[in-house]
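In full-length UniProt numbering, the protein residues as written are 1 to 307.
Here it is in structure tokens:
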């Protein structure tokens, strides 16, 4: 690395002139999510797995949860009867409260280091969209990418992209060893246009500074090349810094849950790499003329290094 680390910025300072890489959007191929890379094949560089489900539930979990809550509150109201034995009433009340708590619990169960309320920061220089005429530009008027880093899942409260491609750059709340990424969308049952949900998605991590050497030494010792995405080793806009592919996956609107969590590529975890800046790149959606990203979460373990 050419320059010292500046804690006031999102990554390392460099003597290289800052630049913005410009390129035409990659043509999204049919859903072959396998990561391509040359050189010796290594199981550690396998592709991200699909969400944590195998078969679709006969009834969507969101509908089941709503029905369960209705039943719980009905039972709760019935338990308020004064003719019940006090001991039995107390038991029923505790059981209902526990059931309600489980139903309302966040299904992911992992800390979200991309949450603005927890200290994450949007990076406008790494955030852009691709318009219908193929032009790449920064934040569109009327769109707010920050909403994708919040936990407000009200209908329509999403980052609206005027096409099918875009990238969202942000600094995490702290330096972490990432392990998973989650994508949230509203349930299919209440979505006005589910075709606007993202489909093919990639997650990139910034590797400037000493982490470049760590990554280089890891790949050299394993005699492997880093995975690429359709021949690219970075998102379209890099602001002059280096990135590595952390995950490449498909958000599935047909899945039994609208909140889907994906493991990162094995080499990311095995290399013990630490990241503070990531870019989420949306490559396609489910057929809509525009795309709606409700929320992205990044999970992992806190690293005891300065941000």
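Ideal placement from N, C-alpha and C gives every residue a C-beta, glycine not left out.
For residue i, is the classification buried or exposed, using 16 other Cβ atoms within 10 angstroms of its Cβ as the cut-off for buried?
| i | result |
| --- | --- |
| residue 206 | buried |
| residue 329 | Given a span of 1 to 307 for the chain in the structure shown, any question on residue 329 remains unanswerable. |
| residue 279 | buried |
| residue 97 | exposed |
| residue 197 | buried |
| residue 128 | buried |
| residue 216 | exposed |
| residue 309 | Residue 309 cannot be examined here, being either before or after the span of the chain that is shown, 1 to 307. |
| residue 250 | buried |
| residue 255 | buried |
| residue 287 | exposed |
| residue 271 | buried |
| residue 284 | buried |
| residue 54 | For residue 54, the predicted structure reports a pLDDT of 30, less than 50, and the residue's modelled location is therefore unreliable. The matter cannot be settled from this model. |
| residue 90 | exposed |
| residue 148 | buried |
| residue 295 | buried |
| residue 229 | buried |
| residue 305 | exposed |
| residue 220 | exposed |
| residue 213 | exposed |
| residue 192 | exposed |
| residue 169 | buried |
Does DSSP put residue i in a helix, in a strand, or in coil?
| i | result |
| --- | --- |
| residue 22 | Here the model assigns residue 22 a pLDDT of 37, short of 50, so the residue's position is not dependable, and the following value carries that caveat. Coil, per DSSP. |
| residue 198 | strand |
| residue 291 | strand |
| residue 120 | coil |
| residue 130 | strand |
| residue 110 | coil |
| residue 88 | helix |
| residue 188 | helix |
| residue 303 | coil |
| residue 149 | helix |
| residue 257 | coil |
| residue 274 | coil |
| residue 94 | helix |
Out of the options, which one is the CA nearest neighbour of residue i?
| i | options | result |
| --- | --- | --- |
| residue 112 | 154, 270, 173, 126 | 173 |
| residue 266 | 285, 246, 148 | 246 |
| residue 276 | 302, 152, 159 | 302 |
| residue 153 | 90, 210, 293 | 293 |
| residue 257 | 94, 299, 182 | 182 |
| residue 239 | 125, 248, 229, 151 | 125 |
| residue 297 | 225, 185, 155 | 185 |
| residue 299 | 130, 180, 291 | 180 |
| residue 155 | 226, 177, 189, 168 | 189 |
| residue 199 | 269, 165, 150, 88 | 165 |
| residue 177 | 88, 87, 291, 263 | 263 |
| residue 106 | 259, 281, 306 | 259 |
| residue 108 | 305, 281, 261 | 261 |
| residue 122 | 171, 213, 232 | 171 |
| residue 118 | 144, 92, 175 | 175 |
| residue 236 | 204, 253, 84 | 204 |
| residue 252 | 187, 210, 162 | 187 |
| residue 167 | 194, 158, 130 | 130 |
| residue 162 | 169, 150, 151, 145 | 145 |
| residue 218 | 120, 273, 85 | 273 |
Output the boundary residues of the alpha helix (DSSP H) element that contains residue i.
| i | result |
| --- | --- |
| residue 219 | 210-222 |
| residue 269 | 266-270 |
How is the beta strand (DSSP E) around residue i delimited, first residue to last?
| i | result |
| --- | --- |
| residue 178 | 165-184 |
Could you name the residues that DSSP lists as bridge partners for residue i?
| i | result |
| --- | --- |
| residue 285 | 198 |
| residue 247 | 203 |
| residue 161 | 291 |
| residue 262 | 181 |
| residue 280 | 168, 203 |
| residue 229 | 232 |
| residue 297 | 182 |
For residue i, verify whether its CB is less than 7 Å away from any heavy atom of the ligand HEM.
| i | result |
| --- | --- |
| residue 188 | No copy of the ligand HEM appears in this structure; indeed no ligand is present at all. |
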